[in-house]
Amino acid sequence: MIFAKVIGTVVATQKDKNLDGKKLLLCKEVDHNGNPLNSYHVAVDAVQAGEGSFVLLTYGSAARMTEITKNAPIDAVITAIIDEVDIRKVSK
Amino acid sequence: MIFAKVIGTVVATQKDKNLDGKKLLLCKEVDHNGNPLNSYHVAVDAVQAGEGSFVLLTYGSAARMTEITKNAPIDAVITAIIDEVDIRKVSK
Amino acid sequence: MIFAKVIGTVVATQKDKNLDGKKLLLCKEVDHNGNPLNSYHVAVDAVQAGEGSFVLLTYGSAARMTEITKNAPIDAVITAIIDEVDIRKVSK
Amino acid sequence: MIFAKVIGTVVATQKDKNLDGKKLLLCKEVDHNGNPLNSYHVAVDAVQAGEGSFVLLTYGSAARMTEITKNAPIDAVITAIIDEVDIRKVSK
Amino acid sequence: MIFAKVIGTVVATQKDKNLDGKKLLLCKEVDHNGNPLNSYHVAVDAVQAGEGSFVLLTYGSAARMTEITKNAPIDAVITAIIDEVDIRKVSK
């Protein structure tokens, strides 16, 4: 999974029926400090994320493993809202 | 999912039988403003997109999750025509 | 899917039994004009392609969705021979 | 699979129910000598790894093939702790 | 599939039970002439490859389509030892 920040919403009227009722969010990939990286993804929201949220993004076939996304043509889903990333000094 | 713009059609007579009757469109990846990015994909159309359409593209195994593409050797499908991408100021 | 040009054949005697009898072709990724790009793939041929053919290449799990490739350890398959790519002026 | 070093832990309260009880670790991709590479992944731990561990990371649909991760929206899992990478002189 | 050269072995005691008894090999991606490319993969051996072998590497979900790798958390497998890559002059 990767980190992302939600930066917008995507509106589409004409779409596959399996996307009906799903919230499509534009996500910018970020690093663990929240600094923006180059790629972005449009992802379905499975955890009530909102704009500005710092989230965990699951992609590939795993993106269909939530109640909201199962059997839908969806390759990216927001699966968590990040509270904290705890980086410790690593002795090894 | 990613954004793309449809820029052409692909014609192929000799092909796998599971591609019969499917519209193959050449799609250029774009950003949320419609600016072209580097990659392109040939995708099957599931939403009556046409040339010039600003679309949502689903890829990987999820691309087989539409009525039109199920069980076919297809790794990219157009699943929506984008009306609008709404980017708000982010307070967080 | 992506475009590729077949540039050679791959010969392997010692291989997984599910690759037996499958033609392995070396494919160079190209753009829609046939200009070579950087990546290449070894793909199984499902459409009687030959060296020099301009082809459509399907990869990932979708590559197992042809009669020839099902249930085999194959991640790329040639699914069409391209006749033409039709790029129109786009007004939108 | 790739090599990675565990560099931190990820805390998330609001998340998909299938992530409950799973340890999310921040992993930096490394080469076989342990030198850091550019990408990182958030992965679920299936082998009691800890911070600083030099691990094997499995991604894609294969990441759901452990007892801990099956049927969950998880695209990366730590499947081994590396004891040693043995590089020999290659005569061929 | 891609070409790779086996450059080492990976030893791991603490690992997912579905990796037990599987030979983990460090593979460097190469081009069709055997020249090294940038990426590497840890792959399971399904064809009795050894160090220095010039091999075919299958990745993604297809990597679980051999007897040795099925149902295991494995995303890359060696599926053939390459005898020869035959590049012809292409007239088209």
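Same order as they appear, the protein sequences are chains A, B, C, D and E. FYI, the numbering used here numbers position 8 of the first sequence as 8, with every residue one higher than the one before it. FYI, the numbering used here numbers position 16 of the second sequence as 16, with every residue one higher than the one before it. FYI, the numbering used here numbers position 86 of the third sequence as 86, with every residue one higher than the one before it. FYI, the numbering used here numbers position 18 of the fourth sequence as 18, with every residue one higher than the one before it. FYI, the numbering used here numbers position 56 of the fifth sequence as 56, with every residue one higher than the one before it. We put the beta carbon where it would ideally sit given N, CA and C, even for glycine.
In this structure, B:CYS27 is the residue among B:CYS27, B:GLY34, B:ASN33 and B:ASP31 with its C-alpha nearest to the C-alpha of ASP31 (chain C).
For ALA4 (chain C), the enclosing beta strand (DSSP E) begins and ends at 2–11. Scanning its chain for C-beta atoms nearer than 6 Å, with the 5 sequence neighbours on each side dropped, one finds around ALA72 (chain E) the residues ASN18, in chain order. Per DSSP, the continuous beta strand (DSSP E) segment holding GLU84 (chain D) begins and ends at 84–87.
Residues of the segment 29–45 of chain B with a C-beta atom less than 8 Å from some C-beta of chain C are TYR40, HIS41, VAL42 and ALA43, listed in chain order. Taking CB atoms only, ILE81 (chain A) has no neighbour in chain B less than 8 Å away.
Proximity of the segment 8–15 of chain B to the segment 47–64 of chain C meets the contact definition, three or more beta-carbon pairs being nearer than 8 Å.
In the DSSP assignment, GLU29 (chain C) is bridged to C:ALA4.
Two segments are said to touch when three or more pairs of C-beta atoms, one from each, lie closer than 8 Å; by this definition the segment 56–72 of chain D touches the segment 52–64 of chain A. Taking every protein chain shown into account, the CB of GLY8 (chain D) has 16 or more other CB atoms within 10 angstroms, so this residue is buried. For GLU84 (chain E), the chain C residues whose C-beta falls within less than 7 Å of its own C-beta are VAL11, listed in chain order.
Closest by C-alpha distance to GLU29 (chain D), out of D:LYS23, D:THR66, D:ALA76 and D:ASP20, is D:ALA76.
Taking a beta-carbon distance threshold of 8 Å, ILE74 (chain B) counts as an interface residue toward chain C. For the segment 55–70 of chain D, the residues whose beta carbon sits under 7 Å from a beta carbon of chain E are, in order, LEU56, THR58, TYR59, GLY60, SER61, ALA62, ALA63, MET65 and THR66. Around the CB of LYS5 (chain A), 16 or more other CB atoms lie within 10 Å, so the residue is classed as buried. In this structure, DSSP gives ALA72 (chain D) a state outside helix and strand, which the three-state scheme calls coil. Taking a 10 Å sphere around the C-beta of ILE74 (chain D), we find 16 or more other C-beta atoms and assign the residue as buried.
The three-state reading of DSSP puts ASN18 (chain B) in helix, counting H, G and I together. Between MET1 (chain E) and LEU57 (chain E), the gap from beta carbon to beta carbon is short of 8 Å.
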